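In my numbering, the protein residues as written are 3 to 434. What follows is a set of notes on a single structure, which appears directly below.
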Amino acid sequence: MRLRLGVMLAALLPLLAGCSSKQAPGTTGGKIRIVFWHTQTDENAKALMELVNKYNATNKLGVEVVAQWQGTYDDIYRKTVGALQGGKPPDIVVAYESMVSEYMRAGVVVPLDDYVNGPNGLSAADLADIEPEFLATNRFPEFGNKLLSFPFTKSVLVMYSNLDALKAAGFSGPPKTWDELWRAAKAVTKPGKGGAPGVRGFIISPNASTIDGWFYSNGGKLLTPDGRKVLFNQPPCLQVFQGIEDLVKSGAAYGVGERDYQGEFGSGRGVMYCGSSTQRNYFRDAVAGKFRWAISNIPQKDPKHPVTVLYGANLAILRSTPERQAAAWDFIKWLSQRDQTAFWAIRSSYMPIRKSVANMPAMKAAWSKDPQGKQAFDVIPSAIPEPNVRGWQEVRTYLQDALQAVLSGTATAKEALDQAAAKANQTLQAKR
3 MRLRLGVMLA ALLPLLAGCS SKQAPGTTGG KIRIVFWHTQ TDENAKALME LVNKYNATNK
63 LGVEVVAQWQ GTYDDIYRKT VGALQGGKPP DIVVAYESMV SEYMRAGVVV PLDDYVNGPN
123 GLSAADLADI EPEFLATNRF PEFGNKLLSF PFTKSVLVMY SNLDALKAAG FSGPPKTWDE
183 LWRAAKAVTK PGKGGAPGVR GFIISPNAST IDGWFYSNGG KLLTPDGRKV LFNQPPCLQV
243 FQGIEDLVKS GAAYGVGERD YQGEFGSGRG VMYCGSSTQR NYFRDAVAGK FRWAISNIPQ
303 KDPKHPVTVL YGANLAILRS TPERQAAAWD FIKWLSQRDQ TAFWAIRSSY MPIRKSVANM
363 PAMKAAWSKD PQGKQAFDVI PSAIPEPNVR GWQEVRTYLQ DALQAVLSGT ATAKEALDQA
423 AAKANQTLQA KR
């Protein structure tokens, strides 16, 4: 899907250059009406609507934000491309960095630097309070290091561990290094009895962000400095896939579907899993008090200098009129303030984008009931952004396919990564 969408956008580039001239007026009855496309569902959608309604009722600029759900991230990307072609894109769109870089190819993304530093901008204290990597991931070196989007639904890659199962196997806590993970996964693995499922050490759901984090944490690099060639088939990255390959062959690791990992962990059939910190509420429901569990950083090559991945979507302003762009920025700025950040973090399980929120009574009260949330927050200082170069949207698919091949045994670790690297390099070159 990501590859097809990337090709679609490339084909539409000549058509997008003049899209802003076709857009419908954004004023109704003296108000400035802006459209905000998002992907939130269920309780998160309710919380987001509460924020939108509060902003609409309290802002002094006469801005009315109309929030519209657009499905999954692939859906919103496809719909945004279509809306750009039709000349009626949203004013604000939720997007991963790789999507923002694709939109920027057509020149339809509004850089935020002038807004951040302008009269209605953020103070030095505001900028210092926002987690630095949350801002860094929204700066795009290939576009002059401009701030092209703003942090919104941020999370970190963490390890979920069944503490009771690890303790029974002689481990005092979650593995801190990759060597410890390999040993722990094998130590906790037990065959089933009487046809019942056994226990296996490591649950794996192929996800590109997880793979990126694994490679970083083992000292690997994903790209050359110029972003023209991938490095993920080099030894530090290959070692991770080879370790997983060994676990799969021994029966200590196994692949599951996109949502199956929660049930596997909660049932006790799987002991460890790497995934987004936002998944913790689902894990809590799945565990339902049956055993002790915790969140920690993912395994590392060097625990004294830990690295994991910061990921999640951001808010991008698409080109329209100066009035609507300024209104869109005002809403984004309002969302980034402490009270809104705390509210969103508590209700959604995403990470607060401001450091000072950790000291707010409301956040402390929430973490007293969600200790794993505080454990995840403590991982943030070690988180770094994923690549945001053009073409990375497609490269993510190649990485996921490579891991799936290792899990299914259809390719060795080296074969899978070499094949993914060849496809990735071809894609990156084509984007130049």
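All C-beta atoms in this analysis are idealised placements derived from N, C-alpha and C, irrespective of residue type, glycine included. Since this is a predicted model, take the numbers as computed values, not measurements.
Going by beta-carbon coordinates alone, are L150 and M106 separated by less than 9 Å? yes
Three Cβ pairs or more, each shorter than 8 Å: is that satisfied between the stretch 155-164 and the stretch 372-386? yes
Tell me the residue span of the beta strand (DSSP E) that contains T310. 310-319
Among L312, V309, V311, G272, which has the Cα closest to the Cα of F293? G272
Length of the line joining the Cα atoms of G291 and T191: 22 Å
Using the Cβ count rule (16 or more neighbours within 10 Å means buried), how would you classify P308? buried
Using C-beta distances below 7 Å, list every residue in its chain close to L459, excluding the 5 sequence neighbours before and after it, in chain order. Because residue 459 is not part of the residues shown, which for the chain are 3 to 434, the question remains open.
How should V68 be labelled, buried or exposed, when 16 other C-beta atoms within 10 angstroms of its C-beta is the threshold for buried? exposed
How long is the line joining the alpha carbons of A189 and G229, rounded to whole angstroms? 40 Å
Using CA coordinates, which residue listed in A171, V258, L63 is at the minimum distance from Q402? V258
Does the Cβ-Cβ distance between L405 and I206 come in under 9 Å? yes
Which term fits A59, buried or exposed, when burial requires 16 or more other beta carbons within 10 angstroms of its beta carbon? exposed
Residue range of the beta strand (DSSP E) that includes A418: Counting along the chain, A418 falls outside any beta strand (DSSP E), though it belongs to the alpha helix (DSSP H) covering 415-432.
So is A26 buried or exposed if we call it buried at 16+ other beta carbons inside 10 Å? The predicted position of A26 is uncertain, since its pLDDT is 45 and thus under 50; no value can be drawn from it.
If you draw a straight line from the C-alpha of W295 to the C-alpha of G196, how long is it? 27 Å
DSSP state of S252, grouped into three classes? helix
In the DSSP assignment, what are the bridge partners of H307? Beta-bridge pairing links H307 to no other residue.
Closest residue to F234 among Q421, A138, Y284 (Cα-Cα distance): Q421
Please say whether I34 and V65 have beta carbons closer to each other than 9 Å? yes
Other residues of its chain near E260: CB distance less than 8 Å, five sequence neighbours each side excluded: S207
Rounded straight-line distance, which links the Cα of P92 to that of Q377: 36 Å
Which of the three DSSP states, helix, strand or coil, is assigned to Y263? helix
With H, G and I counted as helix, E and B as strand and the rest as coil, what does DSSP make of F285? helix
Can you tell me which of the three DSSP states P387 falls into? strand
Who are the Cβ neighbours of G314 in its own chain at under 7 Å, not counting the five residues just before and after it? T155, K156, S157, Y352
In its own chain, which residues sit with a C-beta less than 7 Å from the C-beta of I78, not counting the 5 before and 5 after it? W39, T41, Q72, V95, V96
Between the Cα of A415 and those of N122, K251, Y117, spot the shortest distance and give me the residue it belongs to. K251
Taking Cβ to Cβ, would you say G375 is nearer than 9 Å to V311? no
Taking only three categories from DSSP, how would you classify Q302? strand
Since K425 contacts G393 with CB under 8 Å, what's their CB separation in whole angstroms? With a Cβ gap of about 11 Å, K425 and G393 do not count as contacting.
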